[in-house]
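Chains A and B supply the protein sequences, listed in that same order.
Going by my numbering, the first residue of the first sequence is number 1, and it counts up by one from there.
Going by my numbering, the first residue of the second sequence is number 1001, and it counts up by one from there.
Note that the Cβ used here is the ideal one computed from N, Cα and C, for glycine as well.
Here's the structure, in structure tokens; my notes come after.
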Amino acid sequence: EAGVTQSPTHLIKTRGQQATLRCSPISGHTSVYWYQQALGLGLQFLLWYDEGEERNRGNFPPRFSGRQFPNYSSELNVNALELEDSALYLCASSLAMGRGRNEQFFGPGTRLTVL
Amino acid sequence: QQQVKQSPQSLIVQKGGISIINCAYENTAFDYFPWYQQFPGKGPALLIAIRPDVSEKKEGRFTISFNKSAKQFSLHIMDSQPGDSATYFCAAKRSWAGNEKLTFGTGTRLTIIP
Chain A
1 EAGVTQSPTH LIKTRGQQAT LRCSPISGHT SVYWYQQALG LGLQFLLWYD EGEERNRGNF
61 PPRFSGRQFP NYSSELNVNA LELEDSALYL CASSLAMGRG RNEQFFGPGT RLTVL
Chain B
1001 QQQVKQSPQS LIVQKGGISI INCAYENTAF DYFPWYQQFP GKGPALLIAI RPDVSEKKEG
1061 RFTISFNKSA KQFSLHIMDS QPGDSATYFC AAKRSWAGNE KLTFGTGTRL TIIP
């Protein structure tokens, strides 16, 4: 069974540009989560999507946004990039909310570098 | 507000020894406590998880001990091996529908020396 996949692996942008990161969940999983892992700061919750709807949002500015498609894949968009947005962006997936233990399984991440 | 505090930040253990990583949480509504293992360049991998209705859970060489009254939980790695060298994160969440986010500790970099 394929795990969570993310693309691209690496992304280099300059300040002010926009970045788009993509995630495909494990087959059968309908919930997708985005986390930011900045150096020395651990993992910070960004967004949670379930059945195409945004269910919860972390303490991040509105220029961080995303969406979930009918096939449950997801996209994270970061507008007006700032230097401090440089981080590893991790996507996780789980079964639908309310179903079982909702264990979250992570992808390998997208390394975003803002110059 | 950091709701999950993890210690130590780094840990060096000799091969065959016991590695112990501790976490403390503040929110008594948390009822699911997973541990993740992360190797460089990889995403975190779920290692073991516990719910507060049990005080201990063991899977192979990995054991979670849970103390509900102290709001603390710890990961014990028995017979630590060089392949266990990685960063370990504890996490917590409330499992009621509508709030599925994981709150992570800051991580412990574990190094197992021969």
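At least one CB of chain A lies nearer than 9 Å to the CB of PRO1034 of chain B. Taking 9 Å as the CB threshold, THR1106 of chain B lines the interface with chain A.
For the pair LYS1101 of chain B and TRP48 of chain A, the CB atoms are nearer than the 9 Å cut-off. The C-beta of SER73 of chain A comes no closer than 9 Å to any C-beta of chain B. Assigned with DSSP and collapsed to three states, ASP1053 of chain B falls in coil, not helix or strand. Excluding five sequence positions before and after ASN1022 of chain B, the CB atoms of its chain that fall closer than 6 Å to its own CB belong to SER1007 and SER1074, given in chain order. THR1028 of chain B sits away from ILE1048 of chain B, with the two beta carbons spaced by 9 Å or more. By the CB criterion at 9 Å, SER86 of chain A and LEU112 of chain A fall inside the cutoff. Residues of the segment 1036-1061 of chain B with a Cβ closer than 9 Å to any Cβ of chain A, in chain order: TYR1036, GLN1038, GLY1041, LYS1042, GLY1043, PRO1044, ALA1045, LEU1046, ALA1049 and ARG1051. ARG1061 of chain B: not part of any beta strand (DSSP E); DSSP gives it neither H nor E. The beta carbons of PHE1104 of chain B and TYR72 of chain A sit no closer together than 9 Å. Any Cβ of chain A closer than 9 Å to the Cβ of ALA1091 of chain B would place that residue at the interface, and such an atom is present. For HIS10 of chain A, the enclosing beta strand (DSSP E) has its first and last residue at 10-13.
By the Cβ neighbour-count rule, ILE1077 of chain B is buried, with 16 or more other Cβ atoms within 10 Å of its own. Residue environment for ARG1051 of chain B: exposed (fewer than 16 other C-beta atoms within 10 angstroms of its C-beta). Between ASP1084 of chain B and LEU1046 of chain B, the C-beta spacing is not below 9 Å. Taking CB atoms only, LEU1075 of chain B has no neighbour in chain A less than 9 Å away. The secondary-structure analysis by DSSP pairs ASN1022 of chain B across a beta bridge with B:SER1007 and B:SER1074.
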